[in-house]
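Going by this note's numbering, the sequence shown wraps up at 722, each residue one higher than the last.
Note that the Cβ used here is the ideal one computed from N, Cα and C, for glycine as well.
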Amino acid sequence: MNVIPRRRRWLGVCAAALAGAAGSSASARQETRIEPEPAAPAQAPAGEAPPAEVRLGMRVEALRQQIPLRETVVVVDSGHAYAAAIERWSLQERFPVLIDDGSDAARENIARFVRAFGAGQVIRWRAPESPAASGEPTAGDGAESPRPAREERDGADRRERRRVRRGAEEGEDGAARASVHVNRQRVEAAAAGAWEQTSRDALEAFWKEKGFQPPGVVVVSARDPAWTAGLALAAAHGQPLVWVDTGPGSTAGVMNDGALAALDGAVLAGVRALGRSWEQLGDEIDAITLCLNVPSRIQSAGGKEREYLALTDRIGRVVNAADPGAGGNRFAWCAMVCGDEQEAAYRAMCALFLRPGDTGAWLFDGYPRAAAGPYEIGRAVELLRQTEMPVRANMPPNGGLKDWREATRGGVRESFIHVNSKGMPEWFDLEPGRARTGDVPVLHAPALVHFIHSFSAARGDDQAGIAGRWMANGAYAYVGSVHEPFLSAFFPVELLAARMMAGAPLAAAARVEGGGGPATRVWKINIFGDPLITMARPVARAEGTLDVSAWGGVVVDLESEMKRLLGEKMIGAAAATLVMLGRDEDAVKLARAATKAESKTIDPALARAAVWAAFRMQDAALLTMLWGALPPEARGDARHVDMLWQGLRKGMEGGGEEEGFSEQGLTLLRMHVREDSAADDAALIAPHIKRLYGLEQVRSMFAALMSRTKNEEMKKELAKAMERY
-2 MNVIPRRRRW LGVCAAALAG AAGSSASARQ ETRIEPEPAA PAQAPAGEAP
48 PAEVRLGMRV EALRQQIPLR ETVVVVDSGH AYAAAIERWS LQERFPVLID
98 DGSDAARENI ARFVRAFGAG QVIRWRAPES PAASGEPTAG DGAESPRPAR
148 EERDGADRRE RRRVRRGAEE GEDGAARASV HVNRQRVEAA AAGAWEQTSR
198 DALEAFWKEK GFQPPGVVVV SARDPAWTAG LALAAAHGQP LVWVDTGPGS
248 TAGVMNDGAL AALDGAVLAG VRALGRSWEQ LGDEIDAITL CLNVPSRIQS
298 AGGKEREYLA LTDRIGRVVN AADPGAGGNR FAWCAMVCGD EQEAAYRAMC
348 ALFLRPGDTG AWLFDGYPRA AAGPYEIGRA VELLRQTEMP VRANMPPNGG
398 LKDWREATRG GVRESFIHVN SKGMPEWFDL EPGRARTGDV PVLHAPALVH
448 FIHSFSAARG DDQAGIAGRW MANGAYAYVG SVHEPFLSAF FPVELLAARM
498 MAGAPLAAAA RVEGGGGPAT RVWKINIFGD PLITMARPVA RAEGTLDVSA
548 WGGVVVDLES EMKRLLGEKM IGAAAATLVM LGRDEDAVKL ARAATKAESK
598 TIDPALARAA VWAAFRMQDA ALLTMLWGAL PPEARGDARH VDMLWQGLRK
648 GMEGGGEEEG FSEQGLTLLR MHVREDSAAD DAALIAPHIK RLYGLEQVRS
698 MFAALMSRTK NEEMKKELAK AMERY
């Protein structure tokens, strides 16, 4: 790939877009007009028409900028209520809708979104009709079941991840997510309702009357929980739903040729049935969103053993039926959204209501200075700062593991993240040092992550891999490779930023056609998230909070609920509500007061609710107390264990109480040495074990770890670390 001509062209388009943005302002409209094209499109350099990528982004923004946002976040407890809330969107206002399914992950996702969105109000809404009575979207056989306790849900999620990981290691597709049963007509009606129409037929007639051209299609299955993302992205962008008959699977696996042919055929049939132009880029249908939990890798052309390509680079092409592995011309840019109902909804809402870089950008260059070449990040830093975006950068010689851990202590607040690294699915090399999945930071704000690395997305959204851990920690979009792609398969971050700032949406902006080879070649970069994410200016916000007086059901303001819970001395529930309101500091104050009052034991509900807030506030003493009070199923969760190590590392490195060291923290870390980073973990705590308990305890720890691991390389690392003692 010759980067220089592309760089000049796209920087020119970017400069024109920035100039146009500087002279524009967003204001709420009293009456929304649905127009097929933007009134004042960004201009390309003289003599050039805007590229197809930019034209697609212009179409997306033409609609997005016309509909003001309400500052109210609606939290629901079921797919039924979620669909009903989306149906209450209109051409006059839209608002975020998130699902609280009772899990710790859902609470953290809601909190992360609320902090970034700057919500003026957060409400819970329980819809008036039950799914069993109305045939609404619901789980299982259509009967509404009691919501599981957080510990039950998290335990089930953890068991599922272990099954997925085993399946991926054995080369299988891995375990499926829990199946759902969705009423297709009800979902179609909800998508139409967001446009003030009553059915899909009525919606298509409305689009035709207004001259509106859908930018793409959204692919969903009635049995796959990622339908929640599909509904929101179809309704928000004005895209038809294409229904396929795939059951929920694991993104960590490899899709066989038969399944790929069936999926591709169903997508193409759905696109053709629309009666719109779609055969080439720049016509009507230019985007495909796969809202499915399906294997994200496919077999490479020629059947090379254990060499895989990206599903999202294959879908959206017209291929030769006689040689499907050879690729074909692209007619649409594709990306995929996966997850259970609450995760998929969260990822869709972040894409629709937040903007990459809203809270700043963090760029980390883990390459040696001499090796970076056009991929060095300095020019990208300058470009992003032209937009007045706060930028934090780690450039050589500050791109090592120690620098990474210092930069991510307490989590990362930026929402546009780029990393240069190299390695495998579970680890990434920096300069110097090797980081592992446990070093992937907790995200304060939802983020778009662009990760230049050979195998980071090989496991899809499985938390055992790098991409999956970023998504579990809050990333709503991720660009990474499923196999060794060569560096030319990635755009340098400067060029990615320029393309997005010029108006190109994510899937078009991040995709190097053919991986730097022939444009018809299917290659190895997967894109997770809404393909139509843009870096355009924020949408105007309507004045006042959302009027829910006619919604029926039960509406509870979370601020009022928190005060009621405090009055009733339900401290754990009150702390959880404070966290969901984005009020970490107040949640930590409440937890501190409660732990002082509870001289013997700490309520596990309080521990679960506030432990992440304590981590984000970098309160090592409180983090240690709360973590020690977590129930066993939470203490066994990889994300909780990694959070403990990240939160207490500074204290272990410094060794003083003022830096967060405590004997209780040391004991917890010793009990939870991680298998994939055992040598590094043991080396960190060994000096303190020797100082407090003696040399024999250190040797005993190393011996136990060496006998436990089945990884021969890790045994060698442990033996080498033990030589110091």
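Do you know how far the Cα of residue j is from the Cα of residue i?
i: A680; j: A390; result: 29 Å
i: V214; j: A602; result: 42 Å
i: A124; j: S87; result: 18 Å
i: K399; j: D677; result: 12 Å
i: F425; j: P393; result: 16 Å
i: A486; j: G511; result: 8 Å
i: G396; j: N470; result: 22 Å
i: N708; j: F114; result: 44 Å
i: A617; j: R410; result: 19 Å
i: G657; j: A584; result: 20 Å
i: L723; j: A307; result: As displayed, the chain neither begins before -2 nor continues past 722, which places residue 723 out of reach and without an answer.
i: M333; j: A341; result: 10 Å
i: L265; j: G272; result: 12 Å
i: Q118; j: G579; result: 11 Å
i: D242; j: N290; result: 12 Å
i: E582; j: H685; result: 31 Å
i: G430; j: D436; result: 12 Å
i: Y475; j: E423; result: 16 Å
i: G653; j: A547; result: 58 Å
i: V670; j: A461; result: 16 Å
i: I414; j: A80; result: 32 Å
i: R646; j: L663; result: 10 Å
i: W642; j: L702; result: 17 Å
i: E428; j: F612; result: 27 Å
i: G564; j: A329; result: 55 Å
i: R673; j: A202; result: It is Asp, not Arg, that sits at residue 673 in the sequence shown. Cα to Cα, the separation comes out at about 56 Å.
i: V179; j: A432; result: 41 Å
i: L562; j: L575; result: 11 Å
Locate the alpha helix (DSSP H) running through residue i, then write down its first and last residues.
i: L380; result: 375 to 382
i: S557; result: 555 to 564
i: F209; result: Counting along the chain, F209 falls outside any alpha helix (DSSP H), and DSSP gives it neither H nor E.
i: Q339; result: 338 to 350
i: W401; result: 398 to 404
i: G325; result: G325 -> not in any alpha helix (DSSP H); beta strand (DSSP E) instead, spanning 325 to 327.
i: I312; result: Segment: none, I312 is in no alpha helix (DSSP H) and carries neither H nor E.
i: D677; result: 675 to 690
i: L492; result: 490 to 498
So, with DSSP's three-state summary, where would you put residue i?
i: S704; result: helix
i: V72; result: strand
i: R162; result: Note that R162 has pLDDT 37, beneath the 50 cutoff, so the model's placement of it is unreliable and the number below is only indicative. Here R162 sits in helix by DSSP.
i: H178; result: strand
i: Q89; result: coil
i: S142; result: Confidence at S142 is low in this model, with a pLDDT of 34, below 50, so its placement is unreliable and the value that follows should be read with caution. Coil at S142, not helix or strand.
i: Y275; result: Here the sequence assigns Trp to residue 275, which means Tyr is not the residue at that position. Residue state, collapsed to three classes: coil.
i: W122; result: strand
i: S697; result: helix
i: M711; result: helix
Mind checking residue i: buried by the 16 CB within 10 Å criterion, or exposed?
i: P629; result: exposed
i: D198; result: exposed
i: D527; result: buried
i: T598; result: exposed
i: S142; result: Residue confidence is low: S142 scores 34 on pLDDT, short of 50, so the model does not pin down where it sits. Its coordinate-derived value is still stated next. It is exposed - the Cβ of S142 has fewer than 16 other Cβ atoms within 10 Å.
i: E45; result: exposed
i: G691; result: exposed
i: K717; result: exposed
i: M668; result: exposed
i: S704; result: exposed
i: D151; result: Because the pLDDT of D151 is 47, which lies under 50, any placement of that residue in the model is unreliable, and the number read from its coordinates should be weighed accordingly. Per the 10 Å Cβ criterion, buried.
For the beta strand (DSSP E) that contains residue i, what are its first and last residues?
i: N106; result: Where N106 is concerned, there is no enclosing beta strand (DSSP E), although the alpha helix (DSSP H) it sits in stretches over 101 to 114.
i: T286; result: 284 to 288
i: A332; result: 330 to 334
i: Y305; result: 305 to 307
i: W224; result: It is not in any beta strand (DSSP E) - W224 instead sits in the alpha helix (DSSP H) that spans 224 to 234.
Does the Cβ of residue i lie closer than 7 Å to at least one heavy atom of the ligand ATP?
i: A231; result: As presented, the structure is devoid of all ligands, the ligand ATP included, so that no description of it is given.
In the stretch 586 to 664, which residue ranges form an unbroken alpha helix (DSSP H) of at least 4 residues, counting only runs that do not cross its ends?
List check, alpha helix (DSSP H) in window: 601 to 613, 617 to 625, 629 to 632, 635 to 651.
Can you list the alpha helix (DSSP H) stretches of 4 or more residues lying completely in the stretch 409 to 487, in chain order?
The stretch 409 to 487 is shown to contain whole alpha helix (DSSP H) runs of 4 or more residues at 463 to 469, in chain order.
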